[in-house]
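Scroll down for the structure; my scribbles are underneath it.
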Amino acid sequence: MSGNLWAPWRTEYVGRKGDKGCVFCLAAKKVDDPESLVVKEGERALVIMNRFPYNTAHMMVIPKRHIGCIEELTPEELTEMHSLLVAAKGAVDGLYLPDGYNVGFNLGAAAGAGIVDHIHLHVVPRWQGDVNLMPVLADVKVIPEHLERTYAAIKERLNEK
Ligand SMILES: [Zn+2]
Numbered sequence: 260m261s262g263n264l265w266a267p268w269r270t271e272y273v274g275r276k277g278d279k280g281c282v283f284c285l286a287a288k289k290v291d292d293p294e295s296l297v298v299k300e301g302e303r304a305l306v307i308m309n310r311f312p313y314n315t316a317h318m319m320v321i322p323k324r325h326i327g328c329i330e331e332l333t334p335e336e337l338t339e340m341h342s343l344l345v346a347a348k349g350a351v352d353g354l355y356l357p358d359g360y361n362v363g364f365n366l367g368a369a370a371g372a373g374i375v376d377h378i379h380l381h382v383v384p385r386w387q388g389d390v391n392l393m394p395v396l397a398d399v400k401v402i403p404e405h406l407e408r409t410y411a412a413i414k415e416r417l418n419e420k
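Heads up: the sequence shown begins at 260 in my numbering, then just goes up one per residue.
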């Protein structure tokens with residue numbers, strides 16, 4: 260495969276225009292509300308679907324605390340975020356059989372972060388050839404599965420006992 264240029268999350272859309280306050284903090288306060296798109300709640304962190312995904316099952320792992328830089332993460336938060344990342348990946352592996360993942364933080368507006376003061380770890384499943392589905396322009400996206408269905412499937416998988 261020759262030289263596909265992966266432009267990671269050139270513009271993030273994680274909240275809706277008009278929301279007051281931090282959408283992640285709001286979501287953390289109502290994890291049981293499907294509107295929040297939270298698929299898994301931990302003690303210190305949670306997993307939330309990206310409302311404007313760049314691929315099917317695009318999720319984010321966020322600390323519950325409203326912090327804007329990775330230096331402020333405690334070892335306990337980091338450990339839990341890693342566990343949630345592994346669980347989220349496992350759920351997507353089981354449901355959607357991706358060929359790979361992009362996982363990472365966008366730190367600062369210049370790096371593409373849409374919400375700069377509450378850090379979030381992106382988990383973007385990738386399939387061979389899906390670059391054709393990725394946005395060429397920021398507003399053009401084709402998502403093969405509806406967000407609500409993906410949310411429900413992943414939430415069920417992540418909360419199986
Ligand atoms: Zn926040």
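Cβ atoms here follow ideal geometry from the backbone N, Cα and C, with glycine treated the same way.
Would A346 and K420 qualify as a contact pair, given that the criterion is a beta-carbon distance under 8 Å?
Result no, Cβ atoms of A346 and K420 do not sit closer than 8 Å.
Which residues neighbour ligand 1 when neighbourhood means a C-beta less than 7 Å away from any of its non-hydrogen atoms? List them by chain order.
Screening all residues for a C-beta within a distance smaller than 7 Å of any heavy atom in ligand 1 leaves C281, F283, C284, H325, D376 and H377, in chain order.
What is the rounded straight-line gap between the Cα of K389 and the Cα of N361?
Note on residue identity: the sequence assigns Asp, not Lys, to residue 389. Linking D389 to N361 through their CA atoms gives a straight-line distance of about 13 Å.
If you count every other CB in all the chains shown that lies within 10 Å of the CB of K288, and 16 or more means buried, which is it?
Residue environment: K288 is assigned as exposed (fewer than 16 neighbouring CB atoms within 10 Å of its CB, all protein chains considered).
A350 and K323 closer than 8 Å at C-beta
Against a cut-off of 8 Å, the Cβ pair of K323 and A350 comes out as no contact.
Here's the rule: buried if 16 or more other CB atoms are within 10 angstroms of the residue's CB, otherwise exposed. What is L396?
In this prediction, L396 scores a pLDDT of 43, lower than 50, which makes its location untrustworthy; no coordinate-derived value is stated.
Excluding the five sequence neighbours on either side, which residues of its own chain have a C-beta within less than 6 Å of the C-beta of K414, listed in chain order?
Beyond the five residues adjoining it in sequence on each side, K414 comes within less than 6 Å, by CB distance, of V298 in the same chain, given in chain order.
DSSP on F237, reduced to helix/strand/coil?
Because residue 237 is not part of the residues shown, which for the chain are 260 to 420, the question remains open.
Extent of the continuous beta strand (DSSP E) to which H381 belongs
Following the DSSP letters along the chain, one finds H381 inside the beta strand (DSSP E) bounded by residues L380 to R385.
Could you say which of R416, I329, H377 and T409 lies nearest to V284 if we only look at CA atoms?
At residue 284 the sequence reads Cys, which differs from the Val that was named. For C284, the nearest C-alpha among the options comes from H377.
If I measure Cβ to Cβ from N418 and keep anything under 7 Å in the same chain, skipping five residues before and after, which residues do I get?
Cβ neighbours of N418 beyond the five flanking positions: K299.
Using the C-alpha atoms, what's the distance from A369 back to R408?
The straight-line gap from Cα to Cα measures roughly 32 Å.
L354 and V320 look like a contact to me (Cβ under 8 Å); what is the Cβ gap, rounded to whole Å?
No, L354 and V320 are not in contact; Cβ-Cβ is about 17 Å, not under 8 Å.
Where in the segment 326-378 do unbroken runs of the beta strand (DSSP E), each at least 3 residues long, occur, reported from the N-terminal end onward?
Runs found: 359-364.
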